[in-house]
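Here the protein sequences line up with chains C and X, keeping their order.
Going by numbering that gives the first Met the number 0, 133 is the number at position 134 of the first sequence; the sequence numbering is gapless.
Going by numbering that gives the first Met the number 0, 190 is the number at position 191 of the second sequence; the sequence numbering is gapless.
We treat Cβ as the ideally placed atom computed from N, Cα and C, and that holds for glycine.
The structure displayed is predicted, hence computed values, not measured ones.
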Amino acid sequence: MMNVSRRASLLLVGLIAVVLASILVFLYLKSNSEQTTTYTESRDLIRQIKQQDSLWENEILKARVAISHNYDPLVSPMNEMNRLWQRFDSMEADHGRNDPGKWEDAHGGFLKAMEEKTRLVERFKSHNALLRNSLAFLPTAEDDIQVQLASLSDLDKLQMQNIATDTYDLLLSALEFAQVTSADKAADIEVGLSKLAVNAQRLPADFQTPIKIVSNHIGLILREQPIVNELLEQIEAIPSAERLDNITNLLDLDQQQAEKVNRQYHFYLLVFSVLLMLSLLWLAISLIRSFAEINRINSALQTANEVLEQRVEERTQELKNAQSELLDSARQAGMAEIATNVLHNVGNVLNSVNISSDLIARKLRASKTQGLGKAMQMINEHPDDLGHFLTQDDKGKLLPGYLNQLVGAIAAEQQEMVDELNQMNKSVDHIKDIVATQQSYAGANSLAEPLYISQMLEDALRMNAGALTRHHVTVVKEYGDVPQVMGDKHRLLLILINLISNAKYAMSDLNNRPRTITLGARVVDDNFLEISVKDDGEGIAPENMTRIFAHGFTTRKEGHGFGLHSCALAAIEMNGHLTAHSDGPGLGALFTLQIPLIKVTEDA
Amino acid sequence: MKAARYALTLLLCGLAADAAAAPLDEPLKPLPDVPKQDSARVKLGRQLFNDPRLSTNNTLSCASCHQLDKGGADTRAFSQGFDGQPLPVNTPSVFNARLNFRQFWDGRVETLEEQSDKVITSPHEMGSSWDTVVQRLSDDPGYRQGFGAAYPDAVTKANIQNALASYERTLATPDSRFDQYLKGNTEILTLDEKYGYQRFKDYGCIACHQGVNIGGNMFQKFGVFGDYIADRGNPTEADQGRFNVTGDEADRAVFKVPSLRNVALTAPYFHDGSAPTLERAVDVMFKYQLGRMPSDEDKALIIQFLKTLSGHWEDTP
Numbered sequence: 000m001m002n003v004s005r006r007a008s009l010l011l012v013g014l015i016a017v018v019l020a021s022i023l024v025f026l027y028l029k030s031n032s033e034q035t036t037t038y039t040e041s042r043d044l045i046r047q048i049k050q051q052d053s054l055w056e057n058e059i060l061k062a063r064v065a066i067s068h069n070y071d072p073l074v075s076p077m078n079e080m081n082r083l084w085q086r087f088d089s090m091e092a093d094h095g096r097n098d099p100g101k102w103e104d105a106h107g108g109f110l111k112a113m114e115e116k117t118r119l120v121e122r123f124k125s126h127n128a129l130l131r132n133s134l135a136f137l138p139t140a141e142d143d144i145q146v147q148l149a150s151l152s153d154l155d156k157l158q159m160q161n162i163a164t165d166t167y168d169l170l171l172s173a174l175e176f177a178q179v180t181s182a183d184k185a186a187d188i189e190v191g192l193s194k195l196a197v198n199a200q201r202l203p204a205d206f207q208t209p210i211k212i213v214s215n216h217i218g219l220i221l222r223e224q225p226i227v228n229e230l231l232e233q234i235e236a237i238p239s240a241e242r243l244d245n246i247t248n249l250l251d252l253d254q255q256q257a258e259k260v261n262r263q264y265h266f267y268l269l270v271f272s273v274l275l276m277l278s279l280l281w282l283a284i285s286l287i288r289s290f291a292e293i294n295r296i297n298s299a300l301q302t303a304n305e306v307l308e309q310r311v312e313e314r315t316q317e318l319k320n321a322q323s324e325l326l327d328s329a330r331q332a333g334m335a336e337i338a339t340n341v342l343h344n345v346g347n348v349l350n351s352v353n354i355s356s357d358l359i360a361r362k363l364r365a366s367k368t369q370g371l372g373k374a375m376q377m378i379n380e381h382p383d384d385l386g387h388f389l390t391q392d393d394k395g396k397l398l399p400g401y402l403n404q405l406v407g408a409i410a411a412e413q414q415e416m417v418d419e420l421n422q423m424n425k426s427v428d429h430i431k432d433i434v435a436t437q438q439s440y441a442g443a444n445s446l447a448e449p450l451y452i453s454q455m456l457e458d459a460l461r462m463n464a465g466a467l468t469r470h471h472v473t474v475v476k477e478y479g480d481v482p483q484v485m486g487d488k489h490r491l492l493l494i495l496i497n498l499i500s501n502a503k504y505a506m507s508d509l510n511n512r513p514r515t516i517t518l519g520a521r522v523v524d525d526n527f528l529e530i531s532v533k534d535d536g537e538g539i540a541p542e543n544m545t546r547i548f549a550h551g552f553t554t555r556k557e558g559h560g561f562g563l564h565s566c567a568l569a570a571i572e573m574n575g576h577l578t579a580h581s582d583g584p585g586l587g588a589l590f591t592l593q594i595p596l597i598k599v600t601e602d603a
Numbered sequence: 000m001k002a003a004r005y006a007l008t009l010l011l012c013g014l015a016a017d018a019a020a021a022p023l024d025e026p027l028k029p030l031p032d033v034p035k036q037d038s039a040r041v042k043l044g045r046q047l048f049n050d051p052r053l054s055t056n057n058t059l060s061c062a063s064c065h066q067l068d069k070g071g072a073d074t075r076a077f078s079q080g081f082d083g084q085p086l087p088v089n090t091p092s093v094f095n096a097r098l099n100f101r102q103f104w105d106g107r108v109e110t111l112e113e114q115s116d117k118v119i120t121s122p123h124e125m126g127s128s129w130d131t132v133v134q135r136l137s138d139d140p141g142y143r144q145g146f147g148a149a150y151p152d153a154v155t156k157a158n159i160q161n162a163l164a165s166y167e168r169t170l171a172t173p174d175s176r177f178d179q180y181l182k183g184n185t186e187i188l189t190l191d192e193k194y195g196y197q198r199f200k201d202y203g204c205i206a207c208h209q210g211v212n213i214g215g216n217m218f219q220k221f222g223v224f225g226d227y228i229a230d231r232g233n234p235t236e237a238d239q240g241r242f243n244v245t246g247d248e249a250d251r252a253v254f255k256v257p258s259l260r261n262v263a264l265t266a267p268y269f270h271d272g273s274a275p276t277l278e279r280a281v282d283v284m285f286k287y288q289l290g291r292m293p294s295d296e297d298k299a300l301i302i303q304f305l306k307t308l309s310g311h312w313e314d315t316p
């Protein structure tokens with residue numbers, strides 16, 4: 000539970016750190032100085048446009064005061080401004096502005112101002128060109144007239160003087176008008192022009208054309224000068240610079256806002272950086288703590304592991320001990336079983352010994368030897384007249400015949416007793432045999448010795464003989480041709496007694512048919528010796544098949560569960576194996592022992 | 000200040016002796032060099048300039064009217080449109096057109112790109128449409144390949160306009176004798192021609208015909224002293240000039256002042272082609288624009304000067 004919450008909080012802090020990092024990146028991108036770059040460039044462009052605008056106005060003034068006769072400088076600032084504006088416009092087009100309405104107004108205002116200014120400048124160029132031309136020509140035109148006047152000799156000097164003065168005045172008025180354009184001057188010129196027209200009528204015909212030319216040009220000045228002045232005023236009134244300043248102001252405003260936002264972003268950046276730092280610090284600390292914890296748990300685990308190992312070892316030792324104790328008790332139990340068998344067999348034989356001794360005792364009690372005593376008593380009563388007695392006396396006369404009969408009877412009696420004793424001797428020998436057999440097996444170690452398997456089987460049968468007889472078990476022997484082999488008598492007998500005993504038990508509930516054990520022995524592949532014990536008893540259930548050799552497994556109420564287990568162990572100890580087979584419950588069982596075949600070397 | 004500058008110029012001239020002399024400070028300026036153009040685009044533009052597929056019935060190319068061997072225009076008062084009908088105004092020269100502050104007599108467009116658009120889609124001139132032109136050129140594998148190589152995208156209206164304009168920007172006529180004079184080679188002009196230039200300035204021609212293109216940098220009313228169009232008769236819509244563009248009464252009969260470069264080669268003259276000779280054109284200018292009567296000698300000098308304005312053009316593919 001503790002772990003889960005810690006992991007969850009670590010995950011949470013990690014998540015927070017990631018979120019903070021993303022926010023930082025976002026803020027960084029947002030606070031990027033792109034706008035500032037655009038701003039600087041835009042401002043620079045506007046400044047350049049403004050510069051060109053001033054240059055333009057400067058050139059207009061130069062054209063106005065006729066310093067310059069070339070109108071190219073009046074065209075190039077316009078083109079340059081257009082070029083700069085296009086750059087500015089395309090740059091600003093990718094860049095949203097805070098107040099699009101104002102921005103549009105400022106844009107439109109400037110473009111409109113520019114359009115108007117261009118129109119006025121074009122008109123100014125046209126009119127100014129004409130005006131300058133006429134003004135420049137005026138002195139020459141006047142000269143032409145004066146020279147022509149001077150060459151006239153047939154005219155009244157005073158009148159000629161007046162005409163010359165009038166013409167001169169008119170020229171002066173026109174030039175003055177060019178400098179100070181006023182209604183008065185215009186009226187002066189009008190007066191001068193009508194005077195000139197009147198004068199012209201007094202002059203010869205060849206004066207008409209130059210005077211007409213001068214009049215035309217002065218008329219043009221009179222007409223064009225106010226236009227040019229007005230155009231200049233209008234041009235001056237065009238608020239192109241103000242419009243540009245407007246744009247600059249908007250740019251400044253935007254930049255100020257952007258800077259404000261930037262400052263905010265920077266502040267947020269700072270705050271979030273600190274938060275990120277803190278969370279990272281926290282993460283680091285928890286990681287270090289976790290690491291320490293892991294180390295601690297690791298070492299604890301290691302210690303626990305060692306203890307566990309020790310305990311497992313101890314327990315294993317205990318188990319081993321228990322196992323060997325069990326094995327010992329099994330062996331002892333086996334030995335007890337063997338002893339029981341032996342005693343049983345011995346008991347059986349003792350029975351016949353008992354009968355024989357009873358018989359002998361009875362024979363001795365009813366022995367004819369007592370008749371010999373009576374005969375001897377009668378003899379002894381007649382020590383003096385023995386002869387007489389033997390010959391004369393009625394009783395005595397019968398004595399020799401009696402004695403003869405007695406001799407025959409005693410001889411028969413002795414023969415019977417000898418026979419009976421012989422019988423008893425045999426029985427005693429049998430007991431000796433049984434005991435000797437038991438002694439030869441009990442406590443014997445693993446020792447290979449030459450033996451015949453058939454003999455081993457017979458011994459095993461004999462040891463079980465009583466029980467087999469009691470349970471009316473028929474033994475069928477199917478011994479193959481098995482040579483004398485080297486084998487562990489004790490282990491083999493242990494296995495065989497167990498198997499036969501099991502077979503016998505397996506058939507104890509069998510009442511409807513004869514009980515038969517089939518013993519088999521044969522050589523397999525010249526390598527193995529195979530001994531089989533087959534019964535037709537209760538069989539083995541398939542589910543038990545795998546565990547019948549397991550330690551502690553038994554189906555009998557009084558069983559220990561180590562008979563077959565120890566048999567299997569013994570088989571393995573002999574480098575062989577013990578297998579079981581059954582077609583199912585009630586279908587009997589077949590146990591097969593296979594051990595390596597070690598033949599006894601011939602004539603060894 | 001000005002005196003000091005002249006003194007300096009003189010001093011410099013003296014120092015430079017017979018070496019290449021310093022440029023003269025005059026209201027007229029020598030022809031500037033052609034700005035660097037993309038050669039692939041110029042090549043395409045040259046092909047397009049001579050391609051009659053730009054006109055609706057495949058009869059007219061740009062070069063049909065702007066004949067480069069005839070001063071960049073043709074010899075008619077009014078060139079014929081794709082339908083054989085005469086156009087409303089005289090064809091101006093294509094040479095040095097990039098130096099004009101506006102294009103067309105009425106200055107209705109500012110750039111050469113826009114100029115080609117107006118001509119191609121004009122119902123009198125080429126009578127075509129961009130869809131048709133782009134389609135026709137796209138069907139030509141040569142153009143497809145050429146445009147593919149010269150432009151990031153394929154055959155488009157903008158690219159065709161740009162190619163044509165790129166070529167037209169190369170159509171300059173440098174090294175006129177007067178340009179050489181302006182650049183400091185004062186020996187190249189005869190005395191009369193120099194007098195002619197002097198008269199040109201004195202009479203005030205220079206008031207309108209000045210700058211690098213000797214004109215082409217301002218508008219002016221045609222008929223300052225007297226109404227030329229009324230005197231000529233049969234006024235047409237085209238005679239209204241810039242009024243047709245702005246609708247401003249002040250712009251009536253106002254036209255772009257044409258360049259005088261190659262003027263000797265581009266007869267007939269004026270927007271209506273009404274002056275068949277240079278002499279006639281100069282006469283009209285004196286009478287209606289300057290309001291003066293020059294002597295025959297001065298007029299002849301001026302015409303001599305105007306003939307020094309013819310430059311050289313070589314078709315260098």
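- Task: Could you name the residues that DSSP lists as bridge partners for F590 (chain C)?
- Result: The residue you call residue 590 (chain C) lines up with position 591 of the first sequence. Its beta-bridge partners are C:V532 and C:A579.
Practice problem: May I ask you to list the residues that DSSP assigns as paired with F269 (chain X)? | Solution: Here residue 269 (chain X) refers to the residue found at position 270 of the second sequence. According to DSSP, F269 (chain X) bridges with nothing at all.
Pop quiz: T180 (chain C) and P225 (chain C) are said to be a contact at Cβ under 8 Å. What is the actual Cβ separation, rounded to whole angstroms? Counted from its first residue, the first sequence places residue 180 (chain C) at position 181. Counted from its first residue, the first sequence places residue 225 (chain C) at position 226. Between P225 (chain C) and T180 (chain C) the Cβ distance is about 6 Å, and since that is below 8 Å, they are a contact.
Residues, ordered as in the chain, of the region 106-124 of chain C that lie near chain X by beta-carbon distance below 7 Å:
E121, R122 and K124
is_contact[Y28 (chain C), chain X] using C-beta, thresh 7 Å: Residue mapping note: residue 28 (chain C) aligns to position 29 of the first sequence, counting from 1. The amino acid at residue 28 (chain C) is misidentified as Tyr; the sequence shows Leu. It does not; no Cβ of chain X falls within 7 Å.
Counting only beta-carbon separations shorter than 7 Å, does N228 (chain C) have a partner in chain X? Your numbering for residue 228 (chain C) matches position 229 in the first sequence. So no, N228 (chain C) is outside the interface.
First and last residue of the uninterrupted beta strand (DSSP E) at A72 (chain X): Indexing the second sequence from 1 puts residue 72 (chain X) at position 73. Looking at the DSSP string, A72 (chain X) is not in any beta strand (DSSP E), and its letter there is neither H nor E.
For this session: Compute the distance between the beta-carbons of I45 (chain C) and L243 (chain C), then report whether it is under 7 Å.
Result: As a working note, residue 45 (chain C) is residue 46 in the first sequence. As a working note, residue 243 (chain C) is residue 244 in the first sequence. Yes, these two residues count as a Cβ contact at 7 Å.
Three-way DSSP call (helix, strand, coil) for A447 (chain C) in this model: Residue 447 (chain C) sits at position 448 when you count from the first residue of the first sequence. Strand.
Does the beta carbon of I205 (chain X) sit closer than 7 Å to a beta carbon anywhere in chain C?
Stepping through the second sequence from its first residue, residue 205 (chain X) is reached at position 206. For I205 (chain X), the answer is yes, since a Cβ of chain C falls inside 7 Å of its Cβ.
Q) A135 (chain C) versus chain X: which residues are under 7 Å apart at the beta carbon? A) By one-based count along the first sequence, residue 135 (chain C) stands at place 136. Those within 7 Å of A135 (chain C) in chain X are G203.
Query raised in the report: So, helix, strand or coil for K220 (chain X), using DSSP?
Result: Working through the second sequence from its first residue, we reach residue 220 (chain X) at position 221. K220 (chain X): strand per DSSP, three-state reduction.
- Extent of the continuous beta strand (DSSP E) to which V484 (chain C) belongs: Position 485 of the first sequence, counting from 1, holds the residue named residue 484 (chain C). Note, V484 (chain C): beta strand (DSSP E), V484 to D487.
Discussion item. Taking only three categories from DSSP, how would you classify V17 (chain C)?
Written reply: Walking along the first sequence from the start, residue 17 (chain C) turns up at place 18. Residue state, collapsed to three classes: helix.
message = Can you tell me where the alpha helix (DSSP H) holding R176 (chain X) begins and where it ends?
response = By one-based count along the second sequence, residue 176 (chain X) stands at place 177. First-last of the alpha helix (DSSP H) with R176 (chain X): R176 to L181.
Taking C-beta pairs closer than 7 Å, name the residues in chain C that K220 (chain X) reaches, listed in chain order. The residue labelled residue 220 (chain X) in the question sits at position 221 within the second sequence. Here the neighbours are S125.
| message | According to DSSP, P595 (chain C) sits in a beta bridge with which residue or residues? | response | Along the first sequence, read from residue 1 onward, the residue named residue 595 (chain C) stands at position 596. Partner(s): C:F527.
- Query: Shorter than 7 Å from the beta carbon of D143 (chain C) to some beta carbon of chain X?
  - Reply: Position 144 of the first sequence, counted from the start, is the residue given in the question as residue 143 (chain C). So, not an interface residue.
Under three-state DSSP, which class holds F254 (chain X)?
Counting from 1 along the second sequence, the entry for residue 254 (chain X) is found at position 255. F254 (chain X) falls in the strand class under three-state DSSP.
(Q) Can you tell me whether L318 (chain C) is buried or exposed? The criterion is at least 16 other CB atoms within 10 Å of its CB, across all chains shown. (A) As a working mapping, residue 318 (chain C) is identified with position 319 in the first sequence. Using a 10 angstroms sphere on the CB of L318 (chain C), the tally of other CB atoms stays under 16, which defines it as exposed.
Original post:
Which bits of chain X does H607 (chain C) rub up against, with CB to CB less than 8 Å?
Top reply: Residue 607 (chain C) is absent from the structure shown; chain C starts at 0 and stops at 603.
Mark M80 (chain C) as exposed unless 16 or more other C-beta atoms lie within 10 angstroms of its C-beta, in which case mark it buried. Position 81 of the first sequence, counted from the first residue, corresponds to residue 80 (chain C). By the 10 Å Cβ count, M80 (chain C) comes out buried.
If you reduce the DSSP assignment to three classes, tell me which class K476 (chain C) lands in. To locate residue 476 (chain C), count along the first sequence from 1; it is residue 477. Strand, per DSSP.
Hey, L170 (chain X) and F94 (chain X): beta-carbon distance below 7 Å or not? Working through the second sequence from its first residue, we reach residue 170 (chain X) at position 171. Working through the second sequence from its first residue, we reach residue 94 (chain X) at position 95. Taking 7 Å as the cut-off, the Cβ atoms of L170 (chain X) and F94 (chain X) count as close.
task = Please compile the residues from chain C whose C-beta is within a distance smaller than 7 Å of the C-beta of A249 (chain X).
result = Mapped onto the second sequence, residue 249 (chain X) falls at position 250. Simply R122.
Which of helix, strand or coil DSSP assigns to L163 (chain X):
Within the second sequence, residue 163 (chain X) is the residue found at index 164, counting from 1. Helix.
Do A570 (chain C) and F548 (chain C) have their beta-carbon atoms positioned less than 7 Å apart in this structure? Counting from one through the first sequence, the residue named residue 548 (chain C) turns up at place 549. Counting from one through the first sequence, the residue named residue 570 (chain C) turns up at place 571. No, they are not a contact pair.
query = Hey, quick one: how far does the alpha helix (DSSP H) through L231 (chain C) stretch, first residue to last?
reply = To locate residue 231 (chain C), count along the first sequence from 1; it is residue 232. Start and end: Q207 to A236.
So I66 (chain C) is in the alpha helix (DSSP H); what residue range does that whole segment cover?
Taking the first sequence and counting its residues from 1, the one referred to as residue 66 (chain C) is at position 67. Taken as a continuous stretch (DSSP letters only), I66 (chain C) belongs to no alpha helix (DSSP H), as it is neither H nor E.
* Is the CB-CB distance between S92 (chain X) and G70 (chain X) below 7 Å? -> Residue mapping note: residue 92 (chain X) aligns to position 93 of the second sequence, counting from 1. Residue mapping note: residue 70 (chain X) aligns to position 71 of the second sequence, counting from 1. Their beta carbons are under 7 Å apart, which means S92 (chain X) touches G70 (chain X) by this criterion.
Check: If we ignore side chains and look at the alpha-carbon of each, how far apart do Q255 (chain C) and L47 (chain X) end up?
Finding: As a working note, residue 255 (chain C) is residue 256 in the first sequence. As a working note, residue 47 (chain X) is residue 48 in the second sequence. Straight-line Cα distance between these residues: approximately 52 Å.
Rounding to the nearest angstrom, what Cα-Cα distance links A92 (chain C) and K49 (chain C) in this structure? Taking the first sequence and counting its residues from 1, the one referred to as residue 92 (chain C) is at position 93. Taking the first sequence and counting its residues from 1, the one referred to as residue 49 (chain C) is at position 50. Roughly 20 Å separates the two Cα atoms.
inquiry  = Going by C-alpha to C-alpha distance, which of C:P584, C:G536, C:R6 and C:G575 sits closest to R288 (chain C)?
reply    = Mapped onto the first sequence, residue 288 (chain C) falls at position 289. The option with the nearest alpha carbon to R288 (chain C) is C:R6.
request  = Starting from N574 (chain C), trace the alpha helix (DSSP H) both ways and give me its first and last residue.
outcome  = Numbered from 1 along the first sequence, position 575 holds the residue referred to as residue 574 (chain C). Premise fails: N574 (chain C) is in no alpha helix (DSSP H) and is neither H nor E.
#### Entry: Candidates X:N56, X:P173, X:Q102 and X:Y150: closest to R135 (chain X) by CA position
Against the second sequence, residue 135 (chain X) aligns to sequence position 136. Here the closest residue by C-alpha is X:N56.
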